[in-house]
Amino acid sequence: MQSAERFENLPEYAFPRLRALLDPHAPGADPVAMSIGEPTHPFPGFIAETLAREAAGYAKYPPNEGTPALREAIAGWVERRYGAQLDPGREILPLNGTREGLFMACLALCPETKNGARPVVLLPNPFYQCYAAAALAAGAEPVYVNATEATGHLPDFAALPAETLSRTAVAYLCSPANPQGAVASPDYWRSLLALAETHDFRIFADECYSEIYRETPPTGALEVARAAGTDPERVLAFHSLSKRSNLPGLRSGFCAGGPGTIRAVHRLRSYGGAPSPLPVQAAAAAAWADEAHVVANRELYAEKYAIADETLGNLPGYAAPEAGFFLWLKVGDGEKAATALWRGAGVRALPGAYLSRETPQGDPGKAYLRLALVADAATTRRGLVAVADLLREGLA
1 MQSAERFENL PEYAFPRLRA LLDPHAPGAD PVAMSIGEPT HPFPGFIAET
51 LAREAAGYAK YPPNEGTPAL REAIAGWVER RYGAQLDPGR EILPLNGTRE
101 GLFMACLALC PETKNGARPV VLLPNPFYQC YAAAALAAGA EPVYVNATEA
151 TGHLPDFAAL PAETLSRTAV AYLCSPANPQ GAVASPDYWR SLLALAETHD
201 FRIFADECYS EIYRETPPTG ALEVARAAGT DPERVLAFHS LSKRSNLPGL
251 RSGFCAGGPG TIRAVHRLRS YGGAPSPLPV QAAAAAAWAD EAHVVANREL
301 YAEKYAIADE TLGNLPGYAA PEAGFFLWLK VGDGEKAATA LWRGAGVRAL
351 PGAYLSRETP QGDPGKAYLR LALVADAATT RRGLVAVADL LREGLA
């Protein structure tokens, strides 16, 4: 397969599509940005202080595998958060944000064939768009598994045909889910781990929203896998400071898994990746070591969960998310609703179909809007009140 042919069926990225949909129209009021999941809460003050103090490190090439201090800070956080003990030198790899790792891990770990055929990469549908590009770049067949209201907004991988599972090399799972906010329970993780053991595939656990939740901390893949004695090479978990610490511009995250898995990703990253600058690694280590700012951040989101429940709770199509900072609002036609919101109220929301794919079972995103609760409480309320008003007027 030629490289150009691999990507011919990859749709345009979500946000250029949104600009093409909305920009020809004037907003009906002062714009309210609810389309992009970019945190706007204050990041911890010690980050700027650390970057300034360590600024001399910009004059040096940083280690590709991350500094020992950063790896140890990450290992400490994983143990405190999930009770899983990791070897900082062999089971953790710092990343320039998790998108890099989610993409590169598929290239590093997906085989050219599986049981004599083209390998399959399973993706929840809807999904974070880099999963599909990673599967295609690796030469695999992406299989979109609908995550709908009927399945608890998590994919039912076990329902796939045996022939598909026999070719599966990797399964991506995002929990808490983007965009639905659903959380994989311990039983869900145990079932998925058992399925992966039976059919010999890896799980890529995208847990970037793990620290934004209502009450109960979401269970993690490593937590369940280590407790069950699962092969450490079976699971690769991804975490980020973008959402946890309001540091999307720091571009800092990590992946954690078995030594062989980390070694394979590290080897590829040595050629095709770029390590974070030393001051950034120092700032990241400080962020992983501090929990107070994370608790304060969660309280700000709790206020906005309450606003969403208050303004939308009595309307059809609203489901309170378990975690994350998105609302997945059922409106009948996502593009029509997004256009009406923009033209009528200046609210910029993302049609769900821009995050999903059409399958034989239908397009699970077409009837939905994704709304990001990332602005301050007052702006969030203004946007959600406008959404509620238009819903009452028959937007759906």
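FYI, UniProt numbering numbers position 75 of the sequence shown as 75, with every residue one higher than the one before it. Idealized CB from N, CA, C, for every residue including glycine.
Pairwise C-alpha distance: residue j and residue i
i	j	result
L173	G101	14 Å
residue 433	G258	Nothing about residue 433 can be read from this structure; the chain reaches only from 1 to 396.
V32	G346	6 Å
V387	D23	19 Å
W189	F201	14 Å
L384	A319	14 Å
M104	A274	12 Å
P179	R370	7 Å
G66	G89	9 Å
A396	D333	Low per-residue confidence applies at A396: pLDDT is 44, beneath 50, and the placement is therefore not dependable enough to give any value.
T98	R81	19 Å
E141	G362	19 Å
D87	P232	12 Å
K304	L109	39 Å
S35	L160	32 Å
P63	A286	18 Å
P27	G352	20 Å
A378	L391	20 Å
G253	Y58	19 Å
L154	A349	22 Å
residue 421	K114	This structure gives no information on residue 421, because the portion of the chain shown stretches from 1 to 396.
F204	L165	16 Å
A137	E335	29 Å
V265	P111	13 Å
Residue environment, residue i, which counts as buried when at least 16 other CB atoms sit within 10 Å
i	result
F15	exposed
N314	exposed
Y271	exposed
A296	exposed
K243	buried
K60	exposed
F238	buried
A48	exposed
P360	exposed
H25	exposed
Y301	buried
T216	exposed
P277	buried
T380	buried
T261	buried
M1	Summary for M1: the model assigns pLDDT 45, below 50, so the residue's position carries little reliability; its value from the coordinates is reported in the next sentence. By the 10 Å Cβ count, M1 comes out exposed.
F157	buried
R269	buried
V183	buried
R267	exposed
Y131	buried
G249	exposed
Closest by C-alpha distance to residue i, when choosing among the options
i	options	result
P44	L341, W288 and A338	W288
A29	D389, R370 and G344	G344
D206	E291, P176 and P155	P176
G181	R370, V385, G352 and P321	P321
A367	A337, Y82, R348 and S276	A337
A292	F46, L18, H25 and N9	F46
G83	T113, T219, S35 and P179	T219
G116	A221, A137, H153 and A169	A169
A133	L341, I262 and P11	P11
N9	T230, A135 and G229	A135
P186	A221, G152 and A162	A221
R251	R263, I262, V280 and R267	V280
L241	V294, L350 and F7	V294
L341	L18, L236 and Y13	L18
residue 479	N246, A256 and P248	Nothing about residue 479 can be read from this structure; the chain reaches only from 1 to 396.
G394	G57, G317 and H266	G317
A290	S245, K330 and P364	Reading the sequence as shown, one finds Asp at residue 290 and not Ala. Answer by Cα proximity: S245.
Q129	V331, T113, F7 and H153	F7
Q85	H266, G229 and T339	G229
L21	R167, E197, P119 and T339	T339
Subject >> Ordered list of alpha helix (DSSP H) runs contained in the segment 7–42, each at least 4 residues >> reply: 14–22
Subject >> Any 3 or more C-beta pairs closer than 8 Å across the segment 142–153 and the segment 356–366 >> reply: yes
Original post:
Quick check: the segment 215–235 against the segment 180–198, are there 3 or more CB pairs under 8 Å?
Top reply: yes
Subject >> Contact between the segment 43–59 and the segment 303–311 (3+ Cβ pairs under 8 Å) >> reply: no
Subject >> Cβ pair count under 8 Å reaching 3, the segment 208–221 against the segment 117–125 >> reply: no
Subject >> beta strand (DSSP E) runs contained entirely in the segment 108–134, provided each spans 3 or more residues >> reply: 120–125
**OP:** Please determine if the segment 28–42 and the segment 367–374 are in contact, where contact requires at least 3 C-beta pairs separated by less than 8 Å.
**Re:** yes
Subject >> Touch test, the segment 316–327 against the segment 68–78, Cβ-Cβ under 8 Å, three pairs minimum >> reply: no
Subject >> Complete runs of the alpha helix (DSSP H) confined to the segment 203–276 [at least 4 residues] >> reply: 221–228, 241–244 and 259–272
Original post:
Should the segment 63–74 be regarded as contacting the segment 90–98, the criterion being three or more beta carbon pairs within less than 8 Å?
Top reply: yes
Original post:
Hey, which unbroken runs of the alpha helix (DSSP H) at 4 residues or more fall wholly within the segment 324–391?
Top reply: 334–345
Original post:
Unbroken alpha helix (DSSP H) runs of length 4 or more, entirely within the segment 162–187: which are they?
Top reply: 162–167
**OP:** Enumerate, from N- to C-terminal direction, the unbroken alpha helix (DSSP H) stretches of 4 or more residues contained entirely within the segment 57–118.
**Re:** 68–82 and 98–109
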